[in-house]
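*Asks:* Before we start, here is the structure in question, set down as structure tokens.
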Amino acid sequence: MEPGVVAAAYGVETAAEGAVGAAVAIARSTMPLKAAWTRIRTSTNLPRSSHSLSIIKSKAYIFGGEKTPREPVDNHIHVFTLPSSEHDEIDYQIIPAQAISGDEEVPPPRVGHTASVVNDRIYMFGGRGGKAMKPLQENGRVWVFDTRLNLWSSLNPTEGSPYPEPRSYHASASTEHPLSQPPIPTGPPSGSVASAYSKTTSSQKTDYTENPLGTSGSGADDHGTIFVHGGCPSSGRVADVWAFDIASRTWSQYIDAPGPARGGPSLCVAKDRLYRYGGFDGEKELGGPIHFLRLTRATFDDKGGKGELAVAPLTGQWESLEPPAGAPVPGNRSVAGLQPITTGQGRNYLLLFLGEKDPSSSGHDAAGGFWDDVWSFQLTPDGMTAASLKDATRQLVGAKTAEGTWARVDIPEASLSGKTEHPGPRGWFASAKGEDLDPLIVFLWGGVRSDNTRTGDGWMLTVQE
1 MEPGVVAAAY GVETAAEGAV GAAVAIARST MPLKAAWTRI RTSTNLPRSS
51 HSLSIIKSKA YIFGGEKTPR EPVDNHIHVF TLPSSEHDEI DYQIIPAQAI
101 SGDEEVPPPR VGHTASVVND RIYMFGGRGG KAMKPLQENG RVWVFDTRLN
151 LWSSLNPTEG SPYPEPRSYH ASASTEHPLS QPPIPTGPPS GSVASAYSKT
201 TSSQKTDYTE NPLGTSGSGA DDHGTIFVHG GCPSSGRVAD VWAFDIASRT
251 WSQYIDAPGP ARGGPSLCVA KDRLYRYGGF DGEKELGGPI HFLRLTRATF
301 DDKGGKGELA VAPLTGQWES LEPPAGAPVP GNRSVAGLQP ITTGQGRNYL
351 LLFLGEKDPS SSGHDAAGGF WDDVWSFQLT PDGMTAASLK DATRQLVGAK
401 TAEGTWARVD IPEASLSGKT EHPGPRGWFA SAKGEDLDPL IVFLWGGVRS
451 DNTRTGDGWM LTVQE
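Encoded structure:
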């Protein structure tokens, strides 16, 4: 055969193989995901529940909680240096509570609080404690632990501004936006910082634009927003949603989340949305659709310079993601883990794991029934990525995508001995992601088992690409 004919034939064959490969890639389902649990090896056992876990620069920071029902543990920070491999023994240290200055206070022991991370700082809100074990009356204060200094400070709301009712067993999440305080405008709008995005008028030399939230480099230290939802005040439960702007020390109340008031909900921020799932309404565990609130950044631009004013709801209305009829869904639950992950090439998911499925008849004094499963919910892919191209191609040929659907995550056996390494059914644990670590890993620590014992083990859940 002539060389030119051979080359042409080879080119046709190669193109055909490429087309087959592309077709296989497009046809391949994006769910179910596969993941594996790995126990974090440490000789230090730290049994507790209703505590907080924060991951910053390969270190796990644990605060508060209870070992015995209704008896808060110490107010130390317990720090585990995470291993570089699953076989490494990890370092452990205790950091006694110490204020950044002599006239500052430190947070008292508590349970049912939340902790959120922005850069190198941990922002803690709420909880209950004291002899009466009631929600701590702190007038909207947010406690701040600086992991570079290992010292505490606090942020009190701006005088005269509103703040959330004291509560415990709520949920919180955070975003680094707004990145910095804006320059002083020549004609400042009226109203709070958090509502400034809606105050645009033609008479002001100020331009407010709404931009979707996204990832960007670190700016000043004192920036970011902490979101708080639901929980248990002195009596009953609430459905409210609040945002705390770190730079201005201002709380802003958003529209209540849909459905009944609840304690033990799960909350997270993924891209430009605040997601809420589950909880307990005082009678039953909750589930159903995922609810979300679209977020926007209000930006400032005039002759004095540019800056970000605040994070605010884009429309002010919550939306729901209803699974298709007959599609698999996770069981209703509270005090569960909910963390966003990305598997690369623009593909995004929420991971929902473990949690309580049957409430205890004795409240917090006894354990209920717990789930041991992990579920993924596929989100909209990032624009102009391989994931968005694949989904667009599937839609062109009439094939469905998995966006907006649940699937139970496949947890394979984790050892050659045939034993599966798994944290087992539990709730009231703490979970977190490390923004500077592998985006496919989420962490879990402690919690309550079905026999009402508090466990002190740590786990990594790693999703396979």
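Using the UniProt record's numbering, the letters of the sequence shown map in sequence onto residues 1 to 465.
Ideal placement from N, C-alpha and C gives every residue a C-beta, glycine not left out.
This structure is a prediction, so every number in the text was calculated from the model and none was measured.
Using 8 Å as the threshold, is the C-beta distance between F125 and S174 below it?
*Replies:* no
*Asks:* Can you look up T38 in the DSSP assignment and give me helix, strand or coil?
*Replies:* strand
*Asks:* When you compare the segment 162-172 with the segment 259-274, are there three or more beta-carbon pairs, one atom per stretch, that lie closer than 8 Å?
*Replies:* yes
*Asks:* Which of the three DSSP states is assigned to T342 in this structure?
*Replies:* Correct three-state label for T342: strand.
*Asks:* Give the DSSP bridge partners of M124, in chain order.
*Replies:* Beta-bridge pairing links M124 to A115 and W143.
*Asks:* Counting C-beta neighbours from all protein chains within 10 Å, is the total for I94 16 or more, i.e. buried, or is it exposed?
*Replies:* exposed
*Asks:* Assuming D410 and P69 make a contact with CB atoms under 8 Å, what is their CB distance in whole Å?
*Replies:* The pair is not a contact, with the Cβ atoms about 35 Å apart (cut-off 8 Å).
*Asks:* Does DSSP classify G187 as helix, strand or coil?
*Replies:* The pLDDT assigned to G187 is 38, lower than 50, so where the model puts this residue is not dependable; a value taken from the coordinates is nonetheless given after this. It is coil, neither helix nor strand.
*Asks:* Can you give me the C-alpha to C-alpha distance between S50 and K390, rounded to a whole angstrom?
*Replies:* 41 Å
*Asks:* Roughly how many whole angstroms lie between the Cα atoms of I77 and S54?
*Replies:* One C-alpha to the other measures close to 11 Å.
*Asks:* As a quick exercise: from Y92, M133, G224 and K131, pick the residue whose alpha carbon is nearest that of A312.
*Replies:* G224
*Asks:* Just the C-alpha distance for A430 and L379, rounded to the nearest angstrom, thanks.
*Replies:* 23 Å
*Asks:* Give me the DSSP bridge partner(s) of R347.
*Replies:* G344
*Asks:* Taking the beta strand (DSSP E) that T225 falls in, what are its first and last residues?
*Replies:* T225 to H229
*Asks:* On the three-state DSSP scale, how would you describe S49?
*Replies:* DSSP places S49 in strand when its eight states are reduced to three.
*Asks:* Along the beta strand (DSSP E) that carries D245, what are the first and last residues, could you check?
*Replies:* V241 to D245
*Asks:* Okay, do the segment 147-163 and the segment 265-275 touch, 3+ Cβ pairs below 8 Å being the bar?
*Replies:* When C-beta atoms of the segment 147-163 are compared with those of the segment 265-275, fewer than three pairs fall below 8 Å, so the two segments do not count as touching.
*Asks:* Whole-angstrom Cβ separation of L461 and F353, contact assumed at under 8 Å?
*Replies:* 7 Å
*Asks:* Take L321 as the anchor and find which of P164, G404, S360 and S248 has the nearest alpha-carbon.
*Replies:* G404
*Asks:* Where do the ends of the beta strand (DSSP E) carrying G458 lie?
*Replies:* R454 to V463
*Asks:* Quick one: using the 10 Å Cβ neighbour count with 16 as the cut-off for buried, is Q464 buried or exposed?
*Replies:* Exposed, by the Cβ-count rule.
*Asks:* Please return the same chain residues whose Cβ sits closer than 6 Å to the Cβ of G331, not counting the five positions on each side in sequence.
*Replies:* K357
*Asks:* Would you check if the distance between the CB atom of R408 and the CB atom of D373 is smaller than 8 Å?
*Replies:* yes
*Asks:* Check the C-beta distance from T343 over to L267 and give it rounded, since I have them as a contact under 8 Å.
*Replies:* With 8 Å as the limit, T343 and L267 do not qualify as a contact, their Cβ atoms being about 22 Å apart.
*Asks:* By the 10 Å Cβ neighbour count, where 16 or more other Cβ atoms means buried, how is P135 classified, buried or exposed?
*Replies:* buried
*Asks:* Between W445, S161 and S234, which lies nearest to G424 when the distance is taken from Cα to Cα?
*Replies:* Cα-wise, what sits closest to G424 is W445.
*Asks:* What are the start and end residues of the beta strand (DSSP E) that includes H78?
*Replies:* I77 to T81
*Asks:* Who does S58 pair with in a DSSP beta bridge?
*Replies:* The partner list for S58 (beta bridge, DSSP) is empty, contrary to what the question assumes.
*Asks:* Using a Cβ-Cβ cutoff of less than 6 Å, which residues in the same chain neighbour I255 once the five nearest sequence positions on both sides are dropped?
*Replies:* Cβ neighbours of I255 within its own chain (closer than 6 Å, five residues either side excluded): G316.
*Asks:* Going by DSSP, which residues form a beta bridge with E319?
*Replies:* F292
*Asks:* List the DSSP bridge partners of T175.
*Replies:* T225
*Asks:* Is the CB-CB distance between T38 and E421 below 8 Å?
*Replies:* A contact, by the Cβ cut-off of 8 Å.
*Asks:* If you check the beta carbons only, do F370 and S252 fall under 8 Å apart?
*Replies:* no
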